[in-house]
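This report concerns only the one structure given below.
Residue numbers (the numbering used here): 17 to 140.
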């Protein structure tokens, strides 16, 4: 899959589409999801051109990968998701319902999230 520089997250990174920023630095942008699936639903995206998790791990340096996930943790703390617990989700490809071809991590929390897939029992 080739990176599409006209995807919505690329446009957000360029400032063409507004967002509700939670955190930003030279490497990442974190913002509230406009279609929140939980009381806390924040997206964290790297500023590089990576299509998916697989692409990110295949192209980014170990330092960049480590730094990204340190920032994901930082954002989870900024939105105080660590108190009750949170879930990280990243989708890769059509079968996983990846809707934007720019690697991103969802931080979800603020309530009991139930099973991993619709209909799953609560995982304890």
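Every residue, glycine too, gets a C-beta built ideally from N, C-alpha and C.
CA nearest to the CA of residue i, picked from the options
i: residue 56; options: 36, 97 and 46; result: 97
i: residue 37; options: 107, 51, 43 and 58; result: 58
i: residue 45; options: 101, 77, 86 and 99; result: 86
i: residue 71; options: 39, 88, 47 and 106; result: 106
i: residue 33; options: 62, 41, 40 and 23; result: 23
i: residue 127; options: 47, 52, 19 and 118; result: 52
DSSP beta-bridge partners of residue i
i: residue 47; result: 37 and 59
i: residue 124; result: 57 and 103
Residue i in three-state terms, based on DSSP
i: residue 88; result: helix
i: residue 79; result: helix
Contact set for residue i: own chain, Cβ-Cβ below 7 angstroms, skip 5 residues either direction
i: residue 129; result: 54 and 103
i: residue 75; result: 66
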